[in-house]
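Q: Residue numbers (the numbering used here), protein chains in the order written: chain W, 244 to 832; chain G, 980 to 1464.
Glycine residues also receive a C-beta, built at the ideal position from the N, C-alpha and C atoms.
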Amino acid sequence: MPSSSVEEPRRDDGSGEGTRVKIYKSPKGLQEEKAKTTSNLPYLLLLLLLLLHPSTLPLLHFKLAAIGLSVNLARERPSFQALPRKAAVPLRVSSSMATEVMEEKGQAFDSRKAEALVRDLRSRFEDGRTRSYEWRVFQLKAIARMVKEREKDILGALMTDLSKPELEAFVTEISLTKSACKKAISELKAWMKPEKVKTSIITFPSSAEIVSEPFGVVLIISTWNFPFLLSLDPLIGAISAGNAVVLKPSESAPATSSLLTKLLEEYVDGSAVRVVEGAVPETTALLEQRWDKILYTGSGRVARIVMAAAAKHLTPVILELGGKCPAIVDSNVDLEVAAKRLMGGKWTCNNGQACIAVDHIITPKSFAPKLIEALRAGVEEFFGKNPTESQDMSRVVNRYHFARLAKLMDEDGVSEKIVFGGERDEGKLRIAPTVLLDVPGDSQIMQEEIFGPLLPIVTVDKVEDGIALVNSRPKPLAAYLFTKNDLLKQQFVQRVSAGGMLINDTVLHLTVPGLPFGGVGESGMGSYHGKFSFDAFSHKKAVLSRGFVGEINTRYPPYTPKKQRLLKALIGGNIIGIILALIGWNTKE
Amino acid sequence: METTVLLEDDLEDMRMYYRSGKTRGESWRRSQLQGLLLFLKKKEGEIFEALAQDLGKHPIEAYRDEVGSLTKSVNYALNCLSEWMSSKKAKLPLIAILTTAEIVPEPLGLVLVISTWNFPIGLSLEPLIGALAAGNCVVLKPSELTPKCSFLLATALPTFLDGKAVKVVEGDSTTGERLLRQKWDKILFTGSSRIAREVLAAAAEHLTPVVLELGGKCPVILDSFSRSWDKEVAAQRITWAKFNACAGQACIAVDYVLVEERFIDEWLELMKTWIKKLFGENPKQSCCNARIINKHHFTRLRMLLEDPKVQSRVVHGGDMDEDNLYIEPTILLNPPLQSAIMMDEIFGPLLPIITVKNIEDSIQFISSRPKPLAIYVFTERESFRQRIQAETSSGSLIFNDVIIQYLADTLPFGGIGESGMGKYHGKFSFDTFSHHKAVVRRSLLVDFWFRFPPWNEQKLQLLRSAYDYDYLGLLLIVLGLKRSS
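1. Just by C-beta distance, which residues in the stretch 744-757 of chain W are closer than 7 angstroms to chain G?
2. Looking at chain G, is there any beta carbon in it that lies within less than 8 angstroms of the beta carbon of phenylalanine 780(W)?
3. Which value, in whole angstroms, describes the spacing of the CA atoms of histidine 772(W) and lysine 384(W)?
4. Out of Val1046(G), Gln1365(G), Glu1307(G), point me to the one whose CA is closest to serine 788(W)'s CA.
5. Three-state secondary structure (DSSP) at glycine 1150(G)?
6. Looking only at its own chain, which residues have a Cβ that is under 6 angstroms from the Cβ of lysine 671(W), when we skip the five neighbours before and after it?
7. Going residue by residue through the stretch 574-615 of chain W, where are the continuous beta strand (DSSP E) segments of at least 3 residues, counting only ones entirely within it?
8. Quick one: complete alpha helix (DSSP H) runs, 4+ long, within the stretch 1355-1410 of chain G?
9. Taking only the alpha-carbon atoms, compute the straight-line gap between alanine 484(W) and phenylalanine 1139(G) and give it to the nearest angstrom.
10. For serine 1422(G), which of Tyr643(W), Thr749(W), Glu659(W), Val706(W) has the nearest alpha-carbon?
11. If I'm right that proline 1331(G) touches alanine 1226(G) with Cβ under 8 angstroms, what's the distance once you round it to whole angstroms?
12. Okay, do the stretch 1379-1397 of chain G and the stretch 1213-1222 of chain G touch, 3+ Cβ pairs below 8 angstroms being the bar?
13. Could you name the residues that DSSP lists as bridge partners for valine 639(W)?
14. With burial defined as no fewer than 16 other Cβ atoms inside 10 Å of the residue's Cβ, what is the status of glycine 1047(G): buried or exposed?
15. Short of 8 angstroms Cβ to Cβ, which residues in the stretch 579-606 of chain W face chain G?
16. Taking CB distances under 8 angstroms as the criterion, tell me whether tyrosine 1446(G) reaches chain W.
17. Taking the alpha carbon of proline 559(W) as the point to measure from, which residue in Tyr799(W), Tyr802(W), Ser781(W) has its own alpha carbon closest?
18. What would DSSP say about alanine 522(W), mapped onto helix, strand or coil?
19. Contact between the stretch 666-684 of chain W and the stretch 606-625 of chain W: three or more CB pairs below 8 angstroms?
20. Using a Cβ-Cβ cut-off of less than 9 angstroms, list which residues of the stretch 379-400 of chain W approach chain G; keep chain order.
21. By the criterion of Cβ-Cβ separation under 8 angstroms, what are the contact partners of aspartate 1340(G) in chain W?
22. Cβ of alanine 785(W) within 8 angstroms of Cβ of serine 1375(G)?
23. Relative to chain G, which residues along the stretch 511-535 of chain W have a C-beta separation below 8 angstroms, given in chain order?
24. By the three-class DSSP mapping on this structure, what secondary structure does histidine 1275(G) have?
25. Quick one: give me the first and last residue of the beta strand (DSSP E) that isoleucine 661(W) is part of.
26. Do the CB positions of methionine 410(W) and tryptophan 1434(G) come within less than 8 angstroms of each other?
27. Taking 7 angstroms as the cut-off, does the CB of arginine 517(W) come closer than this to any heavy atom belonging to the ligand NAP?
28. How many angstroms separate the CA atom of valine 1418(G) from the CA atom of alanine 570(W)?
29. Residues of chain G with CB closer than 9 angstroms to the CB of glutamine 690(W), please, in chain order.
30. Pairing CB atoms from the stretch 601-612 of chain W with CB atoms from the stretch 564-580 of chain W, are three or more of them under 8 angstroms?
31. Grab me the residues of histidine 1469(G)'s own chain with a C-beta within less than 8 angstroms of its C-beta, minus the 5 sequence neighbours each way, in chain order.
32. Compute the distance between the beta-carbons of glutamate 765(W) and glycine 543(W), then report whether it is under 8 angstroms.
33. Can you pull the chain A residues whose beta carbon is under 7 angstroms from the beta carbon of isoleucine 453(W), in chain order?
34. Expressed to the nearest angstrom, what Euclidean distance is found between the alpha-carbon atoms of glycine 1150(G) and isoleucine 1338(G)?
35. Once you ignore the five residues that flank glycine 1155(G) on each side, which residues in its own chain have a CB closer than 7 angstroms to its CB?
36. Spatial neighbours of proline 1188(G) within its chain, please: C-beta separation below 6 angstroms, excluding the five flanking residues on both sides.
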């Protein structure tokens, strides 16, 4: 057994030190990867035994020992230091890129430039270049390759912008982008196929299908909290649908923004996919143009501006917003698991700076103390005694948001409700995981989306009251429930409206490619992910074909009572009536 | 002022009623659809009467285009409702064991339907079918230009339905503006693209999703045919679709025709013959034609024709009678492309025919103009069909017929670009008025410890394998038999 003693996992390269560009795989790697995804049911079952809980580990250890394997699984945790976190930080713009950026900055991107850009892309689209299956798949494969080859650069940019822990960035940004890309590549042919639909006797004889066609030139405005994923995920949809695209990444995540510019230019067809960097003036210039579709991710305030601008050109929009996503926690849950999953949806989810992060918890009064204790213990386990020092948590994105969050915490009537946490380090833009108990309902922290590491717990007498509480607020993007009570689950699904909902966990529903991701009401409109992305960027053209036989004169004037009878029979689908009317039998009204 | 207060109170009541959950159940939805059916049956005579008074529509045309097509749609919705309402399971990878995922359709809440005057009953109730089938509360604002129909809807319709969930608000543009200031969960607007921009801008204020059903210049591409029967049928269908569907005042009516130069004489003759067959020697006396909706539109159409450069191009018809708001079925040959008649949606019984050198040129002709709601193509050549399907864009594309796409429940009805956004009819109506909620249920039993910090390299390896669905790899890493991928 070569590895009966587990060695420290080591990086196989010394990279990250100086150079960051490393191209290690050809497109062939992609196919290999695809081949690997076939399922392995027997292993899965065995895995299940192993992976359940940390609490099963001793058991596992025992079992393995029994069969003569001395594997010390407990080792995996404490001894680890190897991730070259610091090495990844100094991602500097390479010189060629710096000049590019300078050029862009030098001449402001104004309406005139935006207009020229759109004109250019429109003529490219009209060439038909982006419509072919080959073009689309080529771009998608290039993106997949880009994510694979430049993983380090991407992780580095995310570290610079958000101090996002590498592993978290890998899970949320890299992996989800990769799987979105893979799915699109493997299913694109099927998606593009016209969908045959049935026709009825009224239009007989005929055949009908729904044809997906690209909208044309589309705009994607992305945001800073998952600056990579939320740029590329929509881009993958827009490209798979065959559109020409302009991507405008967020200026609040500048390293990722410039990296995206550089990478996309390098990997995809720049004549049909462009990146425009910038802030308000650039976005304004872009929004003045006529687009065929706009996907915006961000806040409700800006969404209103985007939609009003779109109204001038009758452009359909998809708005991916947020909201105060609640988590109702029943008292009958497995406390440790629930607490971990709640934390997974808050502090390890970009430190709460996510549109589907848990905003606040609603729980019965009697259960709140236990939950708080579990959270307190969990925070210590996850982030140590000094969470503001922890490298396993993202920081607050910038000063503006730091000040906003500080203000939420410092409000009179709120600050004294902090049960743990509250430490902050303005220099490092870090705020510790903070739990607050029963803050006033009219305080700012309960009015706006928190989007940070503050977690208010609202107590109710009975857990069922939580549903009414959630319904009294604008519809959130996600709603969570932890319970073992099936009736409560059912009520929750039936009575609570939210973009999506997840029972007994947080955030994970985002990773299910068969589900639409999008909000309702204040949390947005339209949805994407997987095939829904393709559909979001495709126009569904109704195509109906008829022949010249079987012409029935009923629909043509001059009108006679017989025609009326026949029409009625036709519309009612009444075959006997049709025959009777046709042979002129049924003469009375 | 007082009415504003009343309206807001009414809407608040409706929201309360929606929140009570009454409208969500399948039985409630069914009862509303049956109520609609009963309305159409019991009030058929009154509907015909109102349409005759407002638009001079013949009862059979009224039945064909409005009552009948609505009956068909309600029946279809009743048949399919259970299936539409059922939630759809989404596939999950094996690794997500003990997890289920589904898409649950749920109503949006309080929705607004703004309808228009050319099919005042059809375009009011067709969206209503979808809104009610999806379990919403609805406010319907019919057009003030068809006052008899509007009145009939306002007085009679709520008595057949749950009056707490369905309200009809009559009024002109001020009422419309007032309605648009309110917060809705969805707006479906049918009308012109000018007003649509105002609707969309107003909706932006409340982040309300909008379906816009507009129009545009829907062209016919007329290829040549080898069989004379096919030519006859094509000419019949085109003349009918232009002049008979509410006298050309329909969003999917034929706007103009493109033909190849060398066939023009033959087609012209055929069309003239068919106008005679359909409407008689003296079409003015024909029972079978709707009139122009009002003086404003009559004047608009007259202005289109009175442009001297256009007037000289009239090859058939052209007779007008302002008192009776009548315009004869009129054909024009090659009016200047810069004239208003070729720039604006005509929406009346004037049919320009444009000749092209080669029928393939029509693709370029259409693509260089705003996207229409429908493109009609008469051809027997498969290769030409393929080209048109791939190279033009429109709400719908119909080969060898006209208008009937409106009746196909299985096809989405809606525009793109200047011809609108969003779609309805059949299940698409239900979907338009539903939110498709993603629901995932997990068990508290299974959990992967490597989901949570503190982070380390082994967790990263495990996650890599998990995301690649590489179960063997996962197992090996757990057992310590594999180090890095």
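A: Taking the geometry as given:
1. Met744, Leu745, Ile746, Asn747, Asp748, Leu751, His752, Val755, Gly757
2. Your numbering for residue 780(W) matches position 537 in the first sequence. No, phenylalanine 780(W) lies away from the interface with chain G (no Cβ there is under 8 angstroms from its Cβ).
3. For this step, residue 772(W) is matched to residue 529 along the first sequence. For this step, residue 384(W) is matched to residue 141 along the first sequence. So the two alpha carbons sit approximately 17 angstroms from each other.
4. The sequence position of residue 788(W) within the first sequence is 545, counting from 1. Residue Gln1365(G) is the option with its Cα nearest to serine 788(W).
5. The residue given as residue 1150(G) occupies position 171 in the second sequence. Coil, per DSSP.
6. Here the question's residue 671(W) lines up with position 428 in the first sequence. Once the five neighbours on either side are set aside, lysine 671(W) has no close Cβ partner at all.
7. 603-607
8. 1361-1370
9. Indexing the first sequence from 1 puts residue 484(W) at position 241. Indexing the second sequence from 1 puts residue 1139(G) at position 160. In a straight line, the C-alpha of alanine 484(W) is about 44 angstroms away from that of phenylalanine 1139(G).
10. By 1-based counting over the second sequence, the position of residue 1422(G) is 443. When only C-alpha atoms are compared, the closest one is Thr749(W).
11. Translated into positions along the second sequence, residue 1331(G) becomes position 352. Translated into positions along the second sequence, residue 1226(G) becomes position 247. The pair is not a contact, with the Cβ atoms about 16 angstroms apart (cut-off 8 angstroms).
12. yes
13. For this step, residue 639(W) is matched to residue 396 along the first sequence. Note: valine 639(W) sits in no beta bridge, so no partner.
14. In the second sequence, counting from the first residue as 1, residue 1047(G) sits at position 68. Per the 10 Å Cβ criterion, buried.
15. Val580, Ala581, Lys583, Arg584, Met586, Gly587, Thr591
16. Within the second sequence, numbered from 1, the residue matching residue 1446(G) stands at position 467. By this cut-off, tyrosine 1446(G) is an interface position.
17. Within the first sequence, the letter at position 316 stands for residue 559(W). Among Tyr799(W), Tyr802(W), Ser781(W), the Cα nearest to that of proline 559(W) belongs to Ser781(W).
18. Residue 522(W) sits at position 279 when you count from the first residue of the first sequence. Alanine 522(W): coil per DSSP, three-state reduction.
19. yes
20. none
21. In the second sequence, the residue the question calls residue 1340(G) occupies position 361. Under the 8 angstroms cutoff, chain W gives no residues; its nearest Cβ is about 16 angstroms from aspartate 1340(G).
22. Working through the first sequence from its first residue, we reach residue 785(W) at position 542. Working through the second sequence from its first residue, we reach residue 1375(G) at position 396. Taking 8 angstroms as the Cβ cut-off, alanine 785(W) and serine 1375(G) qualify as a contacting pair.
23. Asp535
24. For the purposes of this step, residue 1275(G) is identified with residue 296 of the second sequence, where counting begins at 1. Histidine 1275(G): helix per DSSP, three-state reduction.
25. Numbered from 1 along the first sequence, position 418 holds the residue referred to as residue 661(W). From DSSP, the beta strand (DSSP E) with isoleucine 661(W) extends over 661-663.
26. Translated into the one-based positions of the first sequence, residue 410(W) becomes position 167. Translated into the one-based positions of the second sequence, residue 1434(G) becomes position 455. This sequence places leucine at residue 410(W); methionine is not what is there. Yes. Within cutoff.
27. Inclusion of the ligand NAP in the displayed structure is not the case, the ligand content being empty and no account of it being possible.
28. Here residue 1418(G) refers to the residue found at position 439 when the second sequence is read from its first residue. Here residue 570(W) refers to the residue found at position 327 when the first sequence is read from its first residue. The alpha-carbon atoms of valine 1418(G) and alanine 570(W) are separated by roughly 14 angstroms.
29. Counting from 1 along the first sequence, the entry for residue 690(W) is found at position 447. Residues of chain G passing the Cβ test: none, with the nearest at roughly 17 angstroms.
30. yes
31. A question about residue 1469(G) goes unanswered here, because the residues of chain G that appear run from 980 up to 1464.
32. Taking the first sequence and counting its residues from 1, the one referred to as residue 765(W) is at position 522. Taking the first sequence and counting its residues from 1, the one referred to as residue 543(W) is at position 300. A contact, by the Cβ cut-off of 8 angstroms.
33. Judged by its chain identifiers, the structure shown contains no chain A, and its protein chains are W and G.
34. Your numbering for residue 1150(G) matches position 171 in the second sequence. Your numbering for residue 1338(G) matches position 359 in the second sequence. Using only the alpha carbons, I get a separation of about 47 angstroms.
35. Against the second sequence, residue 1155(G) aligns to sequence position 176. Result list for glycine 1155(G): Ile1093, Lys1120, in chain order.
36. For the purposes of this step, residue 1188(G) is taken as residue 209 along the second sequence, with counting starting at 1. Closer than 6 angstroms at Cβ, skipping near neighbours: Lys1165.
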